[in-house]
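Here is the structure we will look at, set down as structure tokens.
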Amino acid sequence: MDFSNNLISPPKPFESRFHILKHTDFLIPEKSGVRIRNPINSLDFHELSERLIAINSINLSFNGFDDAEDSNDLLKPIVDGTWGRYFDGIVSLSSDVVNTLTKEEGILQGSSIELITDLTTPTEKTTVPISVPLTYAFRKRNQDEDSYSTYSTPQTRTDPELTGIKRQKSNLSHKLILQQLEEYLESKGCDPLENDHIDLFAQIPGDGKFLFEVKSMSNTNLLSQTRKGVSQLYEYRFRYQEEIGYDVSLCLVFPKKPDEIDWIEDYVCKDRGIGIIWFEGDSLKFSEQGRNLVENLI
Numbered sequence: 053m054d055f056s057n058n059l060i061s062p063p064k065p066f067e068s069r070f071h072i073l074k075h076t077d078f079l080i081p082e083k084s085g086v087r088i089r090n091p092i093n094s095l096d097f098h099e100l101s102e103r104l105i106a107i108n109s110i111n112l113s114f115n116g117f118d119d120a121e122d123s124n125d126l127l128k129p130i131v132d133g134t135w136g137r138y139f140d141g142i143v144s145l146s147s148d149v150v151n152t153l154t155k156e157e158g159i160l161q162g163s164s165i166e167l168i169t170d171l172t173t174p175t176e177k178t179t180v181p182i183s184v185p186l187t188y189a190f191r192k193r194n195q196d197e198d199s200y201s202t203y204s205t206p207q208t209r210t211d212p213e214l215t216g217i218k219r220q221k222s223n224l225s226h227k228l229i230l231q232q233l234e235e236y237l238e239s240k241g242c243d244p245l246e247n248d249h250i251d252l253f254a255q256i257p258g259d260g261k262f263l264f265e266v267k268s269m270s271n272t273n274l275l276s277q278t279r280k281g282v283s284q285l286y287e288y289r290f291r292y293q294e295e296i297g298y299d300v301s302l303c304l305v306f307p308k309k310p311d312e313i314d315w316i317e318d319y320v321c322k323d324r325g326i327g328i329i330w331f332e333g334d335s336l337k338f339s340e341q342g343r344n345l346v347e348n349l350i
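Going by our numbering, the sequence shown opens with residue 53, and the numbers climb by one from there.
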């Protein structure tokens with residue numbers, strides 16, 4: 053109550069939480085302040101603009117602690133769930149706002165070579181010269197590392213493809229799947245690696261080498277995500293054959309069984325020779341059509 057009435061001030065030493073904003077995939081904290089990240093194509097620009105409007109339209113506030121006078125009063129909204137419901141965006145926000153804040157069609161569309169450099173002037177574009185290295189160095193995956201950054205380094209500017217890849221890797225679903233896959237592979241006795249292109253590469257002792265491409269998906273983009281995943285796996289196997297060999301097994305990793313399209317598993321596993329895996333709880337699942345492709349993972 054004293055704090056609400058401005059009778060006491062917050063302590064001078066405090067912990068900055070601005071780094072959390074990086075995980076919104078929308079806001080970028082900098083020394084000079086907080087800004088909206090740079091869009092990677094015109095559709096992404098449009099979605100960022102819609103997201104900003106949607107955030108500005110939210111007028112929710114929580115007043116369950118306003119009349120609290122002791123610890124019991126503070127505990128009540130927590131115990132009865134009102135505090136938790138306030139923070140549950142699916143419950144407290146309208147479906148239109150949730151859809152606006154979560155859709156990523158611009159990102160899934162991929163990077164444009166003509167990059168929008170200023171969110172406030174959508175017509176201003178800079179043509180980026182293409183100088184794409186064949187490969188990037190492998191490294192141990194750092195789960196605490198920010199996996200997405202805007203066009204701010206010479207390497208990123210010379211390879212525009214990387215921004216779309218890094219942006220996709222920053223997707224929460226992608227991160228969670230990747231972390232679970234990494235822990236699973238480590239339990240099999242291997243030391244999985246990543247680089248700027250490849251989600252994970254693992255050599256399981258005595259059981260072969262595997263190249264993984266993780267794809268988050270919605271109810272409407274399974275086919276487009278599958279197409280991208282298949283082409284990426286073929287491309288990365290070719291580009292990194294000197295480092296990992298051409299005999300590496302290819303695996304497409306989904307958040308769940310990809311059964312929205314009944315022929316996808318036959319196409320990917322039987323026709324393309326790529327295994328499909330996903331997790332259900334702690335258990336690794338796979339498409340029966342590609343059992344022979346992933347049996348050494350099980």
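For every residue, glycine included, the Cβ atom is placed at its ideal position computed from N, Cα and C.
- Query: Can you give the Cα-Cα distance for Asn344 and Phe264, rounded to whole angstroms?
  - Reply: Answer to the nearest angstrom: the Cα atoms are 16 Å apart.
- Are the region 303 to 311 and the region 251 to 269 touching, with three or more C-beta to C-beta distances below 8 Å? In this structure the region 303 to 311 lies against the region 251 to 269, because at least three pairs of beta carbons, one per stretch, are closer than 8 Å.
- Message: What does DSSP give as the partner residue(s) for Lys192 in the beta ladder?
- Response: Lys192 is bridged to Leu245.
- Is the CB-CB distance between Glu317 and Ile328 below 8 Å? Contact flag set, yes.
- Residues bridged to Phe264 by DSSP? For Phe264, the beta-bridge partners assigned by DSSP are Leu252, Cys303.
- Message: Between the alpha carbons of Leu311 and Pro244, how many angstroms are there, rounded?
- Response: The sequence given here places Asp at residue 311; Leu does not occur at that position. Taking the CA atoms as reference points, Asp311 sits about 28 Å from Pro244.
- Query: Apart from the five residues just before and just after Asn151, which ones in its own chain have a Cβ nearer than 6 Å to its Cβ?
  - Reply: No residues qualify anywhere along the chain.
- Task: Starting from the C-beta of Leu274, find all residues in its chain whose C-beta is less than 7 Å away, skip the five residues before and the five after it, and write them out in chain order.
- Result: Once the five neighbours on either side are set aside, the close Cβ partners of Leu274 are Pro310, Glu312, Ile313, Ile316.
- Message: DSSP three-state label for Glu82, please.
- Response: In the structure shown, Glu82 sits in a strand (DSSP, three-state: E or B).
- Query: Helix, strand or coil: how does DSSP classify Phe337 here?
  - Reply: As written in the sequence, residue 337 is Lys, which differs from the Phe given in the question. The answer is strand: DSSP assigns Lys337 an E or B state.
- Item | Integer Cβ distance of Lys261 from Ser301, believed to fall under 8 Å | The C-beta separation of Lys261 from Ser301 comes to about 7 Å, placing the pair in contact by the 8 Å criterion.
- Output the distance between the C-alpha atoms of Asn108 and Leu79, rounded to the nearest integer angstrom. Distance between the alpha carbons of Asn108 and Leu79 is about 14 Å.
- Query: For Ala120, which residues from the same chain have a beta carbon less than 6 Å from its beta carbon, with the 5 sequence-adjacent residues on both sides left out?
  - Reply: Exclusion of the five residues before and after Ala120 leaves Leu126 as the residues of its chain whose Cβ lies within less than 6 Å of its Cβ.
- Message: Quick check on the burial criterion: 16 or more other C-beta atoms within 10 angstroms. Buried or exposed for Val131?
- Response: With fewer than 16 other CB atoms across the displayed protein chains lying within 10 angstroms of its CB, Val131 is exposed.
- Item | Phe97 to Lys128 span [Cα, whole Å] | If you take the alpha carbons of Phe97 and Lys128, they lie about 43 Å apart.
- Query: Taking DSSP as the reference, what is the three-state secondary structure of Gly281?
  - Reply: If DSSP states are grouped into helix, strand and coil, Gly281 belongs with the helices.
- Hey, could you find the ends of the beta strand (DSSP E) Gly136 is sitting in? Taken as a continuous stretch (DSSP letters only), Gly136 belongs to no beta strand (DSSP E), being part of the alpha helix (DSSP H) at 134 to 139.
- Message: Taking 7 Å as the limit between beta carbons, can you name the residues of its chain near Ala106, skipping five residues before and five after?
- Response: Counting only Cβ-Cβ distances below 7 Å, and skipping sequence neighbours, we find Val149, Thr152, Leu153.
- Message: Could you compute how far the alpha carbon of Lys240 sits from the alpha carbon of Arg289?
- Response: Cα-Cα distance, rounded: 22 Å.
- Query: For Lys155, which residues from the same chain have a beta carbon less than 8 Å from its beta carbon, with the 5 sequence-adjacent residues on both sides left out?
  - Reply: Apart from the 5 residues on each side of it in sequence, Lys155 sits with its Cβ closer than 8 Å to the Cβ of Glu99 in its chain, given in chain order.
- Item | Strand pairing of Arg87, partner residues [DSSP] | Ile80, per the DSSP bridge assignment.
- Item | Candidates Phe253, Ser276, Asp259, of which the one nearest Leu292 by Cα | Here residue 292 turns out to be Tyr, not Leu, going by the sequence shown. Ranking the options by Cα distance to Tyr292, first place goes to Phe253.
- Message: Short of 6 Å in beta carbon distance, which residues of its chain neighbour Leu349, apart from the five on each side in sequence? Order them along the chain.
- Response: For Leu349, there are no CB contacts under 6 Å within the same chain when 5 residues up- and downstream are skipped.
- Can you tell me whether Glu246 is buried or exposed, with buried defined as 16 or more other CB within 10 angstroms of its CB? Its Cβ being crowded by 16 or more others within 10 Å, Glu246 is buried.
- Query: Would you report the Cα separation of Arg193 and Leu112, rounded to the nearest angstrom?
  - Reply: Cα atoms of Arg193 and Leu112: separation of roughly 38 Å, rounded to the nearest angstrom.
- Query: Which same chain residues, not among the five before or five after Glu102, have their C-beta less than 7 Å away from its C-beta?
  - Reply: The residues are Thr152.
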